[in-house]
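Chains as they are written, first to last, in this note's numbering: chain A, 1 to 314; chain B, 1001 to 1290.
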Amino acid sequence: MTAYLAQRFLIAVATLLVASLVVFAVLEVLPGDPARLMLGINATPDAVEALREQMGLNSPRPVRYLDWVAGMLSLDFGRSYTYSVPVIDLVAERIAVSLPLALISLVLSVAIAIPVGAFAAQRRGRAGDAVAMGAAQVGVAIPNFWFALLLIYLFAVWLRLVPAGGFPGWSAGVWPALKALFLPAIALALPQAAILARVTRSALIETLGEDYIRTARAKGLPFGAVLWRHALRNALIPMLTIIGLQFSFLLAGTIIIENVFYLPGLGRLIFQAITQRDLIVVEGVVMLLVATVVVVNLLVDLSYAIVDPRLRTR
Amino acid sequence: MDGPSITHSQDGFSGFVARALASRSFVVGFAVTALIALMALVSFVWTPYDVTKLVVADRMLPPSAAHWFGTDHFGRDVLSMIMVGARNSIAVALVAVGIGMGFGVPLGCLAAARGGWPDEIVMRFNDLVFAFPALLSAVMITAVFGPGAINAIIAIGIFNIPVFARVARAGALAIWPREFILAARAAGKGKARITVEHILPNIATLLLVQGTIQFALGILAEAGLSYVGLGAQPPMPSWGRMLFDAQTRMMVLPSLALFPGLAIVITVLGLNLLGDGVSDALDPKLRRRA
């Protein structure tokens, strides 16, 4: 088990290392001089040169790469070219929107998917199953940003229950902030819930065919108890795998959904940074998102050991 | 979800067709997919109105007999734009699947045939690519080359590579221990030749099913990218872009946001049903598992 975990950990570190090389290399080929960009077109060549020196842009590429990586390890992502503040401050401000949004969506999608999947598995082959899985089939096909538009029309324009977009900030109080995240979270959660419901159903149907389920039924446990207590726990491994994979889709999804609702999150930050050619911000945010995906997948690997005690002794 | 089990149908292609036609998913999915493809093809020679012509007098019209789906803020016919937009969606998704298969399948087959370090390298490469969601790659590619349909294709295509590599590897690994492969090796065939002559034909159906799934995901991804402005650029109509334009105008004319979205949903639904139908027909044992 320790060997397995050590191996997964090493793979995660290696993945991040190669990813950082890719990100650095890709953004390094970009035309345009960040120093000139910061100072504007009227700056004297001397001033540009001085700033280049100060920003470390004159050092050889390998040195700059190592500086960049070493900086990130101590949470120093450099200074934004356009905002002239440390990238980490920008990220911290935006992550307060994106992370709650992704987490609320994850919780929502699990909260929707497990009951629906269990409902369908319980009624396998009957009308309830067909209706639930038909709905899931449609849910998978709906683009989250279009669903978001429908939600805005229904809840914000027509019923006027929640704002159509924007974010008041957590300083405005928890309730107004949560209200602003409500529609985006639902829009993100629905397609993921549809996928997860299908996986839950098939994983449950598989475990329901096992001998220990028959034993539990034979000793007189009601079907519902067997389903929730025995089958669901054993179906958790495939479900966890999908939830881990989904987290990366959720993160990517926040990039789009934040644009639909004008939420000041990481997604909007990255788009602004691209249009302003603020590459150090793009590099930092991309690496942060990649690192999140890698860490989440590592956690999923670890959680297998918690869910399945047999894996601990291996 | 480990290696898919491959059970071979004993009755060949005609049996496959018979089972496919008996599968409601297949029939509906095939019909919908064919319809969308036909719509895209027809748009090359005929659309109800010219999508490049702006008719300011006819702007923002609700659906009517003259304009079935209404007109947009430039007076362009929405139905015509959806027809032309289908081309863009299909082209991007198709090429992206092509890239995924073209690179992923050889990699997966190589990993399965060689094992050892080539296998390890391919799998670690997969881990690396999976750490970059397609949207993130698209963002980076756009940062370098600027937005456009080509970027969307590359970004989605790159993300497809590890998917096909995994499916091909898992499929091939299940075939290699089989007796007919042993016979081929005894006959003196090399690994490359066995892969081409025996492995590929036996995993082709698996790849086909994965192809329809990735095709559907590609349509969704392309719509998302063009919605945020990273995909096809105006004036080329694209479904995602139409939804972006509709967002600020849906208070006035909700149908603007309705039809492009429905087009996406119907296309993706059709492709998914088709994929389900094909896998049902190929392997009744796997029916309704995924």
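Ideal placement from N, C-alpha and C gives every residue a C-beta, glycine not left out.
Endpoints, alpha helix (DSSP H) assigned at residue i
| i | result |
| --- | --- |
| G40 of chain A | Unbroken run through G40 of chain A: none, as it is neither H nor E. |
| Q948 of chain B | The structure shown does not extend to residue 948 of chain B, since chain B is modelled only from 1001 through 1290, so no value can be given for it. |
| F1125 of chain B | 1116 to 1130 |
| G1261 of chain B | 1255 to 1282 |
| F1291 of chain B | Any question about residue 1291 of chain B goes unanswered here, given that chain B covers just 1001 to 1290. |
| T200 of chain A | 174 to 208 |
| K1191 of chain B | 1191 to 1194 |
| D211 of chain A | 211 to 218 |
| R160 of chain A | It is not in any alpha helix (DSSP H) - R160 of chain A carries neither H nor E in the DSSP assignment. |
| W68 of chain A | 61 to 73 |
| F249 of chain A | 236 to 261 |
| G284 of chain A | 279 to 307 |
| F24 of chain A | 2 to 28 |
| D1077 of chain B | Looking at the DSSP string, D1077 of chain B is not in any alpha helix (DSSP H), and its letter there is neither H nor E. |
| P1063 of chain B | First-last for P1063 of chain B: undefined, no H or E at that position. |
| N1151 of chain B | 1149 to 1175 |
Beta-carbon proximity list for residue i, same chain, < 6 angstroms, skipping 5 on both sides
| i | result |
| --- | --- |
| P1296 of chain B | Residue 1296 of chain B is absent from the structure shown; chain B starts at 1001 and stops at 1290. |
| I1297 of chain B | Only positions 1001 to 1290 of chain B appear in the structure, and residue 1297 of chain B is not among them; the question remains open. |
| I1219 of chain B | S1089, A1093, T1267, V1268 |
| L1282 of chain B | T1205 |
| L1230 of chain B | A1138, T1142, P1147 |
| P163 of chain A | A180 |
| D278 of chain A | S80, Y81, T82 |
| G1075 of chain B | L1054, V1055, V1056, D1058, R1059 |
| A1223 of chain B | W1239, G1240, I1264 |
| D197 of chain A | Strictly speaking, residue 197 of chain A in this sequence is Ala, with Asp absent from that position. Once the five neighbours on either side are set aside, the close Cβ partners of A197 of chain A are A113, V116, G117, A136. |
| T1212 of chain B | L1271, L1274, G1275 |
Cβ neighbours of residue i in the same chain (closer than 7 angstroms, five flanking residues each side left out)
| i | result |
| --- | --- |
| A339 of chain A | Shown here, chain A extends from 1 to 314; a query on residue 339 of chain A therefore has no answer. |
| R1193 of chain B | none |
| R94 of chain A | P264, G265, L266, L269 |
| R8 of chain A | L298, D301 |
| H230 of chain A | Y212, I213, A216 |
Local Cβ density within 10 Å of residue i, reported as buried at 16 or more and exposed below that
| i | result |
| --- | --- |
| Q192 of chain A | buried |
| V1017 of chain B | exposed |
| T1007 of chain B | Model confidence at T1007 of chain B stands at a pLDDT of 44, short of 50, so the residue's coordinates are unreliable; what they give is reported in the following sentence. By the neighbour-count rule (16 or more Cβ atoms within 10 Å), T1007 of chain B is not buried but exposed. |
| I41 of chain A | exposed |
| I205 of chain A | buried |
| V23 of chain A | buried |
| T1033 of chain B | buried |
| S1137 of chain B | buried |
| L1258 of chain B | buried |
| R88 of chain A | Sequence inspection shows Ile at residue 88 of chain A; the Arg mentioned does not correspond to that position. The residue in question, I88 of chain A, is buried, as its Cβ has 16 or more Cβ neighbours within 10 Å. |
| F147 of chain A | buried |
| S20 of chain A | buried |
| M1250 of chain B | buried |
| D1077 of chain B | buried |
Close beta carbons around residue i, own chain, < 8 angstroms, minus the five adjacent residues each side
| i | result |
| --- | --- |
| V1042 of chain B | M1083 |
| S1014 of chain B | none |
| L1207 of chain B | M1101, V1105, F1164, V1167, A1168, G1171 |
| V1129 of chain B | I1158, F1159, I1161, P1162 |
| A130 of chain A | none |
| F1215 of chain B | A1093, L1094, V1097, L1271 |
Check whether residue i and residue j have beta carbons under 8 angstroms apart
| i | j | result |
| --- | --- | --- |
| L151 of chain A | A189 of chain A | no |
| I1161 of chain B | G1104 of chain B | yes |
| F261 of chain A | G165 of chain A | yes |
| L1253 of chain B | P1062 of chain B | yes |
| I1175 of chain B | I1203 of chain B | yes |
| P184 of chain A | I257 of chain A | yes |
| A1221 of chain B | I1141 of chain B | no |
| V294 of chain A | T15 of chain A | yes |
| A35 of chain A | L57 of chain A | yes |
| V1209 of chain B | F1026 of chain B | no |
| V29 of chain A | V1144 of chain B | yes |
| A132 of chain A | V116 of chain A | yes |
| F145 of chain A | L1243 of chain B | yes |
| T207 of chain A | A225 of chain A | no |
| I11 of chain A | R1114 of chain B | no |
Closer than 7 angstroms: residue i CB and nearest the ligand NAP heavy atom
| i | result |
| --- | --- |
| R1249 of chain B | Here there are no bound small molecules, and the ligand NAP is not part of this structure. |
- prompt: In chain order, which continuous runs of the alpha helix (DSSP H) of length 4 or greater are located wholly inside the segment 1010 to 1051 of chain B?
  reply: 1012 to 1022, 1024 to 1045
field: Those runs of the alpha helix (DSSP H) which lie wholly inside the segment 114 to 145 of chain A and span at least 4 residues
entry: 127 to 141
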